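Residue numbers -15 to 751, in the numbering used here, belong to the letters of the sequence shown in order. Single-structure report; data block below.
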Amino acid sequence: MAIAANLGYPRIGRRRELKRALEDYWSGKSDAQTLLAAARDVRHEGWLAQQAAGIDRIPANDFSLYDHMLDAAIALGAVPERYRAADALATYFAMARGDTHRNLTALEMTKWFDTNYHYIVPELSTPFASRPDASKLLAEVDEARALGIDAQPVLVGPLTFVLLTAHAAGANRLATLDGVGAGYAELLRRLAVHGLTRVQLDEPALVLDLDDEILAAYGRVYRDLAAAAPQLRVTLATYFGPLPARQLATVLALPIDVLHLDLTRGPQPLKEILGGLGAGVTLSLGIVDGRNVWRTDLTKALTKLEGVAARLGGDRLIVAPSCSLLHVPHDLDGETGLDGELRSWLAFGKEKLHEIRVLTDGINRGRASIAGELAGSAQALQSRASSSRVHDPKVASRMAGINANALARRHAFPVRSEIQRRRLGLPLLPTTTIGSFPQGREVRKARADFRAQRIDRAAYDRFLRTETERTIRLQEEIGLDVLVHGEFERTDMVEYFGERLDGFAHTMFGWVQSYGSRCVKPPIIFGDVVRRRPMTVEWSTFAQALTGKPVKGMLTGPVTILQWSFVRDDQSRAATAAQIALAIRDEVADLEAAGIGVIQIDEPALREGLPLRASDRPAYLRWAVDAFRLASSGVDDGTQIHTHMCYGDFNDIMDAIVALDADVISMEASRSSFALLQDLAEVKYPNQVGPGVYDINSPRVPGEAEIAALIERMVAQIPVGRVWVNPDCGLKTRDWPETEAALRAMVVAARKERAVYGAGVEAPGGT
Ligand code: GLN
Ligand code: ZN
-15 MAIAANLGYP RIGRRRELKR ALEDYWSGKS DAQTLLAAAR DVRHEGWLAQ QAAGIDRIPA
45 NDFSLYDHML DAAIALGAVP ERYRAADALA TYFAMARGDT HRNLTALEMT KWFDTNYHYI
105 VPELSTPFAS RPDASKLLAE VDEARALGID AQPVLVGPLT FVLLTAHAAG ANRLATLDGV
165 GAGYAELLRR LAVHGLTRVQ LDEPALVLDL DDEILAAYGR VYRDLAAAAP QLRVTLATYF
225 GPLPARQLAT VLALPIDVLH LDLTRGPQPL KEILGGLGAG VTLSLGIVDG RNVWRTDLTK
285 ALTKLEGVAA RLGGDRLIVA PSCSLLHVPH DLDGETGLDG ELRSWLAFGK EKLHEIRVLT
345 DGINRGRASI AGELAGSAQA LQSRASSSRV HDPKVASRMA GINANALARR HAFPVRSEIQ
405 RRRLGLPLLP TTTIGSFPQG REVRKARADF RAQRIDRAAY DRFLRTETER TIRLQEEIGL
465 DVLVHGEFER TDMVEYFGER LDGFAHTMFG WVQSYGSRCV KPPIIFGDVV RRRPMTVEWS
525 TFAQALTGKP VKGMLTGPVT ILQWSFVRDD QSRAATAAQI ALAIRDEVAD LEAAGIGVIQ
585 IDEPALREGL PLRASDRPAY LRWAVDAFRL ASSGVDDGTQ IHTHMCYGDF NDIMDAIVAL
645 DADVISMEAS RSSFALLQDL AEVKYPNQVG PGVYDINSPR VPGEAEIAAL IERMVAQIPV
705 GRVWVNPDCG LKTRDWPETE AALRAMVVAA RKERAVYGAG VEAPGGT
């Protein structure tokens, strides 16, 4: 009999109960007991939902109060001394979020593979001596047992753990491996002693490009684990991509009981895997997409499963989601805002479990036994494939007409910049900001009042206009050169555009954990993207009419909109990006026609879209750059196109950044401003650039001298005529007083440096 398995369940709660419980606890509104009770309720609900859906193999320890990498660190005893507190929760949350009383900053956080989930990067000493602590693992297994569920505990696998923490350990990537391996061996031994017979080790790192040293380490560590706990059968879960050919032999030789493969992210070398799979090994096929929200094509999936079952026998087959369901919303039940047709195309976490059960039944009892489900899936698919809401012939013909001309500005940067210089009349070292201004209590209150219909649209608009005008006046008074309207009308830079474009749907409860208690609610792109009317022109022209200084039009770029949405699975990401780009291009044209001379198209997510494997990167960068160029190139030479990037180390995509050919780019210097400047100098960045002069993530107000020194460092690497002075990202999370003080310091510093470099140097534009 094939069995139905799950690899992980959404853990923030159906209605984000865990989020609320965490935030109440952090703010002192509730105590530890209340938090832990809420956490237990979330776990129980998840287990019971999986049981009700007929899942045979249900995970435990996939739950986390904050993050599963942090949990793994705690399980290994990788707790840096400075975080240790009398109370385990205090230690845990100090590592996750810092502790102001003890003056501790949090551990670093970074993206989990190519998802929008962020994990805490554990800090390991080298050599690392593990102090294993299986208490959470065992407690959760026992909790499930008490509900009558024989759950299989899940842990991040040892090599993935080591590789994701490696940079903290210094140059040698495997320096901590011995200690980590010994820690896992002890944890597994304790699970076995506790009477468990199975464990799931997640090794998504196996889909990355790995070298021989790492592959050898896999063999060694997994043999050690098998020797340490021979009674314990290991499910090795790989996901987020197919297994690369060069690691097949290694993976097939590992002493494991179950090998899990992701079948949704490009073709797996199934023939080779079936040929080389050990006689006792079961294959777990991740056929239901754990990263996207579409209903599975059950007939196609069943056909694939049947093919494998014919080779292996149903007894050696497990049906599963491609990866943990952490990355999709909980369920569709409450989504009353979605119409029936659109809803019939979707499957969230709970619905995916049902699909897994149905497919397993199809294998075990034959196609006929699930005929109704197959028909339902086929019908949904058919309605999607033929729906006029999905396919718009006008979009198709526009897409077909995209040519090289549409991807290039009329003239090269040197010509454009000269025209822009004369038109805009900016001083040397011009100052600007990235777009948003503080969205504090007042803005949030007005929004809440409007949503709850305590104030009407007119009153809300009045409020937004007042805020915008106040922000324009403040920027004038501070003396900034290129102003922004402040983005008060936007809660989110992707949602704002999604709500104004056809082809996008929005859920009410479709929350997905981003990190800790933070969740995002990505829009769902289901159909061809059409812009029916201008989306931002009113706000931009309103702000521009208030002042003689240029006000930047503010748009979100096509790659970022794509990256932060659930996307169509019936066409390529490249095609969807191009459709969004056409919509943004139209908006750019309308802004230009309305007299907006400077237009910024933000692409903070361009870097994070980079594929996991090197061989996939050039193609991605090509279409991503093309999408930006398609969005931005329709303007006259005199219109200045800005872009903005943050969240990342840009060293490996510098050529693509040059290829965007934006007139001006503002960038966050995440590692250090020094490294960013070197990268820019190395590629001889040809256009204008504003490396962030202060960190907006901190409430700290930078001093004038400090900013002036940074400008001097910038000018040492980049010709002064091409340097802009700006913060490193939008200001919406900051408070007004610190924002004002920081911007004043920035303007004073820029003026001072202007006086130093001014004599004999052209204002921006020149080379
Ligand atoms: N214009 C946006 C803002 O200022 C950019 C945000 C971002 O880069 N993430 O808020
Ligand atoms: Zn940013």
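Where is the CB? At the ideal position from N, CA and C, for every residue including glycine. Note that the structure is predicted; figures quoted are calculated from it, not measured.
Requested in this report: Identify, in the order they occur along the chain, each residue of the same chain with its Cβ nearer than 7 Å to the Cβ of V699, setting aside the five sequence neighbours on each side.
Outcome: V707, Y741
Requested in this report: Sort S372, F634, P137, A567 by Cα distance to L590 and report the nearest one.
Outcome: Comparing Cα positions, the closest option is F634.
Query - Among A646, R275, G167, the one whose alpha carbon lies nearest that of I508 - result: R275
Report task. State the DSSP-derived secondary structure class of R115, mapped to helix, strand or coil. Result -> coil
Query raised in the report: Should L(-9) and P305 be called a contact, given that it needs their Cβ atoms to be closer than 8 Å?
Result: Between L(-9) and P305, the C-beta gap is smaller than 8 Å, which places the two residues in contact.
Requested in this report: Taking all protein chains shown into account, decide if T89 is buried (16 or more other Cβ within 10 angstroms of its Cβ) or exposed.
Outcome: exposed
Query - For A221, the nearest candidate out of L596, R373, I198, I302 (CA to CA) - result: I302
Query raised in the report: So E818 and S501 are in contact, right, with Cβ under 8 Å, and what is the actual spacing, rounded?
Result: Because the chain in this structure spans residues -15 to 751, residue 818 falls outside the shown range and cannot be described.
Query raised in the report: Should N45 be labelled buried (16 or more other beta-carbon atoms within 10 Å of its own) or exposed?
Result: buried
**Report entry** Distance between A176 and A213 (C-alpha atoms, nearest Å)
**Finding:** Spanning the two alpha carbons is a distance of roughly 7 Å.
Query raised in the report: Is DSSP giving G750 helix, strand or coil here?
Result: Interpretation of G750 is limited by its pLDDT of 46, a score under 50 that renders its predicted location unreliable; no figure is taken from the coordinates.
Query raised in the report: Can S617 and R393 be called in contact, C-beta distance under 8 Å?
Result: yes
Requested in this report: Could you name each continuous alpha helix (DSSP H) segment of 4 residues or more that falls completely within the segment 211 to 266, going from the start of the chain to the end?
Outcome: 232 to 236, 254 to 260
Report task. Use the C-beta contact count for Q34: other C-beta atoms within 10 angstroms, 16 or more gives buried, fewer gives exposed. Result -> buried
**Report entry** Status (buried if at least 16 other CB within 10 Å, exposed otherwise) for G132
**Finding:** It counts as exposed.
Query raised in the report: Going by C-alpha distance, which of E571, L727, R327, A201 is nearest G541?
Result: The candidate whose alpha carbon is nearest that of G541 is E571.
**Report entry** Own chain residues within Cβ distance below 7 Å of D117, not counting five before or after
**Finding:** I58, A59, G61
Query - Pairwise C-alpha distance: F472 and G750 - result: Because G750 carries a pLDDT of 46, less than 50, the predicted location of this residue cannot be relied on, and no value is offered for it.
Query raised in the report: Can the beta-carbon of Q624 be found less than 8 Å from the beta-carbon of L337?
Result: Not in contact: Q624 and L337 (Cβ atoms no closer than 8 Å).
Query - Continuous alpha helix (DSSP H) stretch holding D721: start and end - result: According to the sequence as given, residue 721 is Pro; it is not Asp. Looking at the DSSP string, the run of the alpha helix (DSSP H) that includes P721 is 720 to 742.
Query raised in the report: Mind checking whether the beta-carbon of H628 lies closer than 7 Å to any heavy atom of the ligand GLN?
Result: Within the cutoff, so yes.
Query raised in the report: Counting pairs of Cβ atoms below 8 Å between the segment 468 to 484 and the segment 413 to 427, do you hit three or more?
Result: yes
Query raised in the report: Do the segment 283 to 290 and the segment 74 to 90 make contact, defined as three or more Cβ pairs closer than 8 Å?
Result: no
Report task. May I ask you to check if the CB of D418 is nearer than 7 Å to at least one heavy atom of the ligand ZN? Result -> Checking the displayed sequence, the identity of residue 418 turns out to be Ile instead of Asp. Yes, since a heavy atom of the ligand ZN falls inside the 7 Å radius drawn around the Cβ of I418.
Report task. Check E571 in the structure and name its three-state DSSP category. Result -> helix
Query raised in the report: Given 8 Å as the limit, is there contact between the segment 717 to 727 and the segment 660 to 674, that is, 3 or more CB pairs closer than that?
Result: Taking a contact to require three or more Cβ pairs closer than 8 Å, the segment 717 to 727 and the segment 660 to 674 do not qualify as touching.
**Report entry** Nearest to I240 (by Cα), restricted to the options V205, V272, G270
**Finding:** V205
Query - Under the three-state DSSP convention, the category Y499 falls into - result: strand
Report task. On the DSSP bridge assignment, give the partners of M538 in chain order. Result -> Q584
Query raised in the report: In the DSSP assignment, what residue or residues form a beta bridge with G301?
Result: Sequence check: residue 301 is Leu here, not Gly. BP columns for L301 point to L267.
Query raised in the report: What's the C-alpha gap between A734 and G482?
Result: 37 Å
Report task. Measure how close the beta-carbons of G203 and L238 come, nearest whole angstrom, since I'm counting them as under 8 Å. Result -> Rounded to whole angstroms, the Cβ separation of G203 and L238 is 7 Å, and the two are in contact under 8 Å.
Query raised in the report: Is L139 helix, strand or coil by DSSP?
Result: strand
Query raised in the report: Assuming K284 contacts D315 under a Cβ cut-off of 8 Å, what Cβ separation, rounded to an integer in Å, is found between them?
Result: Actually they are not in contact, since the Cβ atoms of K284 and D315 sit about 24 Å apart, beyond 8 Å.
Query - Residues of its chain near L190, where Cβ-Cβ distance is below 7 Å and the 5 sequence neighbours each way are ignored - result: Counting only Cβ-Cβ distances below 7 Å, and skipping sequence neighbours, we find T222, L227, Q231, V235.
Query raised in the report: So does C307 have its beta carbon nearer than 7 Å to some heavy atom of the ligand GLN?
Result: no
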